[in-house]
Structures are given as C-alpha cells and as structure tokens.
Amino acid sequence: MTARNIKGRGRRGQRDVLLNLLASGRIDRREFLRRFGAGGVLLLGGPALLAACGGDGAATTAGGGGAATTVGGGGGGVLVVDNWIEYIDLDDNGDSPTILRFTEQTGIEVDYMEGINSNEDWFGRYQPQLAAGDPIGIDIAVLTDYMAARMIRLDFLETIDHANVPNMENLAPALQSPDFDPNRDYTLPWQSGFTGIAYDVDQTGRELTSLQDLLDPAFAGKVGLLEGYADTVPLFLLMEGKDPQSASVDDYVAVTDRIAESISSGQVRQVYGNDYLDALINGDLAVSLGWSGDIVASQEDTPNLHFAFPEEGFMIWNDNMLIPKGAANKANAEAWMNFYYDPVNAAELAAYIWYVSPVVGAKEAVADIAPELADSELIFPTEATLGNAHIVRSFTEEEEAAVSQAVSAATGV
Amino acid sequence: MTAGVAAPPVVSPEGTEQAAKRRRRVPYLLLLPGLAYLFVLYVVPLIALFRMGLQSGNLVSGYEFTWEWDNFVQVFTTYRPQLLRSLLYSVSATVITLLLGYPLAYAIAFRTGRWKNLFLVLLLVPFLIPFLLRTLAWRTILADQGWVVEAMKTIGLLPEQGGRLLATGWAVLAGLVYSFLPFMVLPIYVALEKIDRSLLEAAGDLYSTPSTAFWKVTWPLSLPGVISGTLLTAIPAAGDYISVQLLGNPQETMMGNVIENKFLSVIDYPAAAAISITLMLAIVIAVIFYVRWVGTEELVT
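Residue numbers (the working numbering), protein chains in the order written: chain A, 1178 to 1590; chain B, 10 to 310.
If you want it as structure tokens, here you go:
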C-alpha cells in the first residue's frame, strides 16, 4: 500500500482513531463499503480494522514508553518522531527512503511513529505529563499552527538552537514570522496547505471563485463547513472583507453570527472533520471548505472535484515540527529538522505526499524528479497566489476559548 | 428440660458466635474486590468530575475551586435545546426499538423452533463490527444519491427537489434505533424464554383467548426484560453523539456533542464536567421514576 493510493491525511478536528483510520484509507474504505453493499463480507473486514485500530493505539503507547528505555547516552539516543499518518515518503518495502538516508548520513537511529490522529487528541493525551514537567518520550511532534501556538503559550516546548539548523534559511519567507513564534524559536513547518473552496463541478455546474458562492441559494443543503475555529471563522472574516491576521477577537466572535445564520437557514448541511471529503465524493455536498492536499490527492479518482483559491483570500496553515519539553534527544531532533530543510530531501518528500513544501528550492528539485508536479499550483503555489494567503492570528488562552466557544454555539454545540 | 436442650453443643458458645460472625463476614469479604474496583474506578473519578465541575479558570492560569455553580446552571439555560433533544431522541428511539424489538424477541422465543440459535447469532452479528463503522455504513446507504433516497423520491415519500435523509433528525433517529435494537431484543428474549409454557396452556384451559393470555401472562412475565431493554437503550441513546456527528446536522445536536466539544475543542473542562454530571443525574432521576412507575420488584432478576 503506497501513500499514492491513500488519499488525504487526517489533519485536524478528527477525534476518533477509527474514523481517522477510515479517512486515511480512502481506497480501502470504498472497497470495504462496496463489499458491504455486495453482501456482507464485512465480517472479514471488521476484525481486521479492529486489529488495525488496536495496533495503531498500541504502537503509539509502546513507542512513547519504549523511547524512555531506548534513550541511552545523554542526547545521542534514538530519535523519536511522532507524526500524522501518511505524512512521510515510503518505498515498496514500507521503508522511508529519506529516513534511511538521514540515518545513513547522521548515524542517528529513528523511531518513527504515526501516533497523531488529531491535534486535540494528541494534546489531551500528553497535556497532564507536560504540565507536570515530565518528559513524554517524544523528540519531535508535528502539530498544526493553532495547537503549536498553544504549546508555546503553555511553555511545553524546547527552543530550537538555530545554529544546529543552518538549513532553516531555506524556510519560505512568507512563513518566517508567524505572530505566535516570530523568530521560529520553537516551531518549524513540516508541510503546509491551503484552506479554500472545494467543490464538485458536476453539481455546481460552474467554476466557483468567491467565498460568497458558499451562500448561493442554489447550493442550499449542499454546503459543508469545517470543525473548530481555525478554518471556518477566518474564511468568513475574509468574506466580510476583514483580514484574519489583524482582525480583533471581537471580530472573530461577531462573525460567528454569520455562520449561525447560514446554519439556521439550512444552507449549511453539516460541520465536518476530515469526512467532508467523503461527503463531496459521495455527492452529498456540492461545495465545502476544504484542504488543498486532499483535493490534489482525490483528483486522480474524482476529477470533478476542484479546489478554488477564493478571490477574497484564503488561509494557509502549517503543521509544525516542535520539540516537547524534556525531550531526551534535542540535538538529534535539530539534525532531523536540518535534514528535511535540505531542498533535495524536501523535494523527495513533497513529490511523494503532495502537500505544500515550506522549503525554498524544493520546487526546482521536484522539477528534476517529477516535472508534472512542479507545475501544480496546489503543491507549488506561485508568488501571486501566496500573496493572497493568510495565516490565522494567535490568541491568548481566554481569547481562544471565547472564539472557540462562539463558533461552537453557532454550530449547535 | 431446658438443661437437656442446652447440653448437646460440643462447641463453646463463643466458638459458635465466632463462626457465625465469620460466616456473616464472608459475603462482604467476597464483595471487597468488586467494591474496591468500583470505588477506585467509579466513585473517585465521579467525585473528581463533580469537583472539576465547580472550578473555574483555564489551562494557562490553572483551575481554581470557586463553587462555580454557573457551570451547572448553563445546562438548563444555554443548552436547554440540546438537553431536550437528547431526552426526546432517547425516548423516541426507545419507544421505536420496543415496538420493533418486542415482536422480534417474541418470534425468536416462541416461533423459530430449531432455527432459534441461528436467529440469535444473526442478532449478535452486528456486535462484531464496531458501532462507528456501522454508523458510517448508514452514511453510504442514506447518501443523497443512494438508492434509498432515489426510491423514496420515486414513490413520493421525499420531495424531488432537495429531498434527503442524511443530515436530518430522521437519520439520527434511525441510526439510534438501529444501533440499540439488539440491546432491546436480547433482554426481552431472555425474559420470554424463561416463561413456563404450561402457564399459557393453563390460561387456554381456563378459556382465555390468546390475546388475553398474552396480556395476563406473557406481558407481565416479560416486563423485567422490557425494563432492562428500555434502560439499555434509553441511557446510552441519551448520551450518544456519534449518530448526530455522522448522520445529523448542526441543528440536531445532543448533549453528548456539547460535552465532547467542551472537553476537546473549547478545552473548558469545568463546564464539560458539570454538563456530564448533570446529564448523568437527569438520567438517574428519570430512571428512578420510570422504574417506580412500571412498579416491578422483578427487576432484580
């Protein structure tokens, strides 16, 4: 099973391991449901999925616990990386060529885990240990901007020694100083993506260009929004002509009234996690807020799915590498960061997982190995496109709770 | 005479007393592991949850115990729609599963003969597949372009324009009924199975019609099963959030969704704890009234 066949990674808001497994194994799931429809061979699939689920959980805890024992001499032990599923390049043997090369070049052994199913779950799992000041046995974790911001606020992170990561100079200029980490002292983007409009052109019957299209009465009951505040609220702000980066907390709270209206009028069908993509593929949705990487990956099977960069602007998000407080192998973690900021390695990764690489020079390097990908605006956006991209602003704990509460109330929870 | 009676005991009076005391103690000793388990894993977290519910603060500044009763009050103010919806869905799902489940249990217990085991296995088969997967499968079955919706449109049960099943309250209810049906059928089946058939024959001998026999004999004897079944359906249904998340829409949310969101997204642990406790108490009170109303001591079975 290669990542090419497995479309879309569980990115955020996904709270269930099983759901996430399903969301990640798109092909398998469709096959699985086809079998179910064909006549209940589902029994065969059930235990296997259960096992897969249990295996995933076990691997995570074993990895976490095992790390503490494998770490031998101070700072030189096995590097424990915790990442999302399907977020690394794999060869036919299930090995990652870039990780193998990393070990070869640096001599650092890597314990690579895919233990992150959602930002919220991950945070919930490790927050008590981190709050108590205990190491969690993970040297690098990958979390989305808003959760990375919370980790910084809570003082749960080690600082990155820039001297150990000289390749950091390859970080795309637009990503160099987010307001939650202006000097990138704590975080470094792993991959990025866009939140914009995903739509089924067969159902809409026209190309969509504006966020206002979400409110087109022709699509009533066929519109999807995304869970949490980090995607939906900023895009509604952009619809109102406000810049999400400079908008006040009051603006964030006020705009949730618009979201509530779109729900009470029946325009919006449901607020989705990763499963919005399924709803689009099934034809339950005509248009939804969506993530660029998902759409690129599903176009191979469903060419009628399109992604639009709305003219009012759109959001760019990053999943960030960060070093949890008390990590035993901080120097090795920095070596890992440095390795993946080498454009050649970054290109190899990007060409495989189809997300937006934050590394300058990756595009040129990809052009050598997979020229058709280098032309994709969704993987390598042009400067002009990037000019219209916005990053979600950072909040204090109280502010985040207020915004989160407001959008929850608007969406019925 | 009295002396003669007192004479036989070989063991001293103190000895018998001790033995009796020991015998009295044995059941409690046997209960101890279970009680300890319940105390550590149930009572302690419950108390912690209740305490959490009276706190205020956030992750950064920490939580303080401030007797924050507002956390509890909001259940009945801010979240009244969700609370009422939880109860409504729970009661409706229970009534429907009872109407569907009783005849099913009855048929399996009395009418299937040698196929009985097969039917019981068929009833249990869904349990081999996780609840979540089964609900996800419904999502495909009820999809807008699926055959169920198409068929209902053809026969006019759904409007041609914009008619749908998914993301409606009906889909949520259908999902709940489907998920909890086995929990209703099994206890009723067990109760019916235990009924002594000669009682029904006796009723017939005494000139009762089959329907009188059912209402005078079968139904009362199956009541413990009905009560267990309704409780096993109503209680988890009231706390369910998966059905709404996968089959419903934001206008159909239940308390479970609010609790989940408060715990994981808003990170308002005190409010989440208070809502959980309140929902639990509401269910306990409802169950007490229900059981008293049905008025049965046979529930102990």
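Every residue gets a Cβ at the ideal spot worked out from N, C-alpha and C, and that includes glycine.
These numbers were taken from a predicted model, which means no experiment stands behind them.
Under the 10 Å beta carbon count, B:Lys-271 is surrounded by 16 or more other beta carbons and is classified as buried.
Using beta-carbon distances, B:Thr-75 does not count as an interface residue toward chain A, since no partner is under 8 Å.
Using beta-carbon distances, B:Ile-276 counts as an interface residue toward chain A, with a partner under 8 Å. Sequence-distant partners of A:Ile-1458 (beyond 5 residues in either direction) whose C-beta falls short of 6 Å from its own C-beta, in its chain, are Thr-1479. Taking 8 Å as the cut-off, the Cβ atoms of A:Pro-1501 and A:Ile-1313 count as close.
Excluding five sequence positions before and after B:Leu-230, the CB atoms of its chain that fall closer than 6 Å to its own CB belong to Ile-204, given in chain order.
Non-local C-beta neighbours of B:Glu-202 in its own chain, meaning closer than 8 Å and more than five positions away in sequence, comprise Ala-118, ordered along the chain. Given a length threshold of 3 residues, each whole run of the beta strand (DSSP E) inside the stretch 1488–1515 of chain A is given here in chain order: 1491–1499.
For the stretch 154–177 of chain B, residues whose beta-carbon sits nearer than 9 Å to a beta-carbon of chain A comprise Gln-154, Gly-155, Gly-171, Arg-173, Leu-175 and Ala-176. Taking the CA atoms as reference points, A:Ala-1463 sits about 12 Å from A:Asp-1455. For the beta strand (DSSP E) assignment, the uninterrupted runs of no fewer than 3 residues enclosed by the stretch 1415–1459 of chain A are, from N- to C-terminal side, 1445–1449. Between the alpha carbons of B:Ile-292 and B:Ile-286 lies a distance of about 10 Å. Out of A:Leu-1563, A:Gly-1564, A:Ser-1534 and A:Thr-1562, the CA that lies nearest to the CA of A:Leu-1550 is found in A:Ser-1534. In its chain, beyond the 5 residues on either side, Leu-1256, Asp-1316, Ile-1317, Ile-1500 and Ala-1504 have a beta carbon closer than 7 Å to the beta carbon of A:Ala-1510. By the rule that beta-carbons nearer than 8 Å mark a contact, B:Ala-152 touches chain A.
Neighbours of A:Arg-1446 across chain B, judged by C-beta separation under 7 Å: Ala-176 and Asn-258. Taking a C-beta distance under 8 Å as the contact criterion, B:Ala-283 and B:Phe-81 qualify as a contact pair.
Inclusion of B:Leu-182 and B:Ala-102 in the CB contact set at 8 Å is warranted, their separation being smaller than that value.
Under the three-state reduction of DSSP output, B:Ala-180 falls in the helix class. Close partners of B:Asn-67 in chain A (Cβ separation under 7 Å): Glu-1574, Glu-1575 and Ala-1578.
Put simply, the CB of B:Thr-262 is near chain A, with a gap under 8 Å to one of its CB atoms.
With distances taken between CA atoms, A:Ala-1579 lies nearest to A:Val-1432 out of A:Gly-1564, A:Asp-1461 and A:Val-1432.
One Cα belongs to B:Lys-30, the other to B:Pro-36, and the distance between them is close to 11 Å. Restricting attention to A:Leu-1277, A:Pro-1548, A:Pro-1343 and A:Ile-1293, the CA atom closest to the CA of A:Tyr-1518 is found in A:Pro-1343.
Counting only residues of its own chain and dropping the five nearest sequence neighbours on each side, A:Asp-1379 has a CB closer than 7 Å to the CB of Asn-1481. Under the 8 Å criterion on CB atoms, A:Asn-1481 is classed as non-interfacial with respect to chain B. In the DSSP annotation of this structure, the continuous segment of the alpha helix (DSSP H) that includes B:Gly-238 starts and ends at 228–248. B:Leu-185 is the residue among B:Arg-206, B:Leu-185 and B:Asn-67 whose C-alpha sits nearest the C-alpha of B:Val-104. Distance between A:Ile-1285 and A:Met-1514, taken at the CA atoms: about 13 Å. CA-to-CA, the gap between B:Leu-288 and B:Asp-79 works out to about 15 Å. For B:Val-267, the chain A residues whose C-beta falls within less than 7 Å of its own C-beta are Val-1590, listed in chain order. Taking a C-beta distance under 8 Å as the contact criterion, A:Gly-1292 and A:Asp-1259 qualify as a contact pair.
Exclusion of the five residues before and after A:Gly-1398 leaves Gly-1443 and Arg-1446 as the residues of its chain whose Cβ lies within less than 7 Å of its Cβ. Among the CB atoms of chain B, one or more fall inside 8 Å of the CB of A:Leu-1331. Close partners of B:Asn-270 in chain A (Cβ separation under 7 Å): Ser-1585 and Val-1590. The C-beta of A:Asp-1461 comes closer than 8 Å to at least one C-beta of chain B.
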